[in-house]
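Chemist: Take this structure first; my questions come after.
Residue numbers (our numbering): 843 to 1004.
What follows is the structure, given as structure tokens:
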């Protein structure tokens, strides 16, 4: 059995300089929402259908996950998990995978630099350029999260074809 892990970085959010509220509540920009919606439609056209969509509770990631889930027709599969907020790593990923043990594919919506570091750890190292709205797929031989294979790392433009 192959476990497919999709890592989706949240879309373009307000800059830290322009946003004067709590960073936890920093939202996507209008352009960020529009691009994430286009990505969701493209993911549906690609046949992407994760068993569960797990999101950070931070506003920008949560909204990204909501839009993608809606476009994929999988809103009922969306769950929030604090472990995807700051401090996400391979150990926390293992806990999330264990919680959703029956799933063959998970989409995890989160933040940088945690997503890149986790993908790198799963696949034996290296550096990733994980763009806002970028999507990576890592294939695992089992839920033990050993010997991951980076199947793809796509920018938003590659996802949407624009």
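Think of the CB as a built atom: it goes at the ideal place given N, C-alpha and C, for glycine as much as any other residue.
(1) Would you list the residues sitting across from residue 922 in a DSSP beta bridge?
(2) Residues in the same chain with beta-carbon distance under 7 Å from residue 922, minus the five sequence neighbours each way, listed in chain order, please.
(3) Enumerate in chain order the residues of its own chain whose CB-to-CB distance from residue 856 is below 7 Å, with the five nearest sequence positions on each side excluded.
(4) Measure the C-alpha to C-alpha separation of residue 948 and residue 848 and round it to an integer number of angstroms.
(5) For residue 948, which beta-bridge partners are listed by DSSP?
(6) For residue 997 and residue 977, I'd like the C-alpha separation in whole angstroms.
(7) Taking all protein chains shown into account, do 16 or more other C-beta atoms lie within 10 angstroms of the C-beta of residue 955, making it buried, or fewer, making it exposed?
(8) Around the C-beta of residue 906, are 16 or more other C-beta atoms found within 10 angstroms, so that it is buried, or is it exposed?
(9) Return the CA-CA distance between residue 875 and residue 951, expressed in angstroms with no decimal places.
(10) CB of residue 923 to nearest heavy atom of the ligand ATP: below 6 Å?
(11) Go ahead and pull the three-state DSSP assignment for residue 885.
(12) Taking 7 Å as the threshold (C-beta atoms), are residue 919 and residue 895 in contact?
(13) Can you check DSSP and say which residues form a bridge with residue 980?
(14) Let me make sure I understand the geometry here. Which of 927, 962, 1004 and 986 has the alpha-carbon closest to that of residue 843?
(15) Where do the N-terminal and C-terminal ends of the alpha helix (DSSP H) with residue 1034 fall, by residue?
(16) Could you have a look at residue 870 and say whether DSSP puts it in helix, strand or coil?
Modeler: Checking against the coordinates, here is how it stands:
(1) One-based indexing of the chain shown puts residue 922 at position 80. Bridge partners of residue 922: 897.
(2) Your numbering for residue 922 matches position 80 in the chain shown. Closer than 7 Å at the Cβ level, and outside the excluded window around residue 922, lie 897, 899 and 904.
(3) Here residue 856 is taken as the residue at index 14 of the chain shown, counted from 1. Contacts found: 868, 869 and 871.
(4) On the chain shown, residue 948 is found 106 positions in, with the first residue counted as 1. On the chain shown, residue 848 is found 6 positions in, with the first residue counted as 1. Rounded to whole angstroms, residue 948 to residue 848 spans 6 Å at the Cα level.
(5) The sequence position of residue 948 within the chain shown is 106, counting from 1. Its beta-bridge partners are 847 and 894.
(6) Numbered from 1 along the chain shown, position 155 holds the residue referred to as residue 997. Numbered from 1 along the chain shown, position 135 holds the residue referred to as residue 977. About 7 Å.
(7) Your numbering for residue 955 matches position 113 in the chain shown. Classification of residue 955: exposed, given that the 10 Å Cβ count is below 16.
(8) The residue given as residue 906 occupies position 64 in the chain shown. By the beta-carbon neighbour count (other beta carbons within 10 angstroms, threshold 16), residue 906 is buried.
(9) If you number the chain shown from 1, residue 875 lands on position 33. If you number the chain shown from 1, residue 951 lands on position 109. Going from the Cα of residue 875 to the Cα of residue 951 covers about 14 Å.
(10) Ligands displayed in this structure: none; no statement on the ligand ATP is therefore possible.
(11) Position 43 of the chain shown, counted from the start, is the residue given in the question as residue 885. DSSP places residue 885 in helix when its eight states are reduced to three.
(12) Locating residue 895 in the chain shown gives position 53, where the first residue counts as 1. Locating residue 919 in the chain shown gives position 77, where the first residue counts as 1. The answer is yes: Cβ separation under 7 Å.
(13) As a first step, residue 980 must be located in the chain shown, where it is residue number 138. Answer is 847 and 992, bridged to residue 980.
(14) The residue you call residue 843 lines up with position 1 of the chain shown. If we check each option's Cα against that of residue 843, 986 comes out closest.
(15) Given a span of 843 to 1004 for the chain in the structure shown, any question on residue 1034 remains unanswerable.
(16) Numbered from 1 along the chain shown, position 28 holds the residue referred to as residue 870. DSSP places residue 870 in strand when its eight states are reduced to three.
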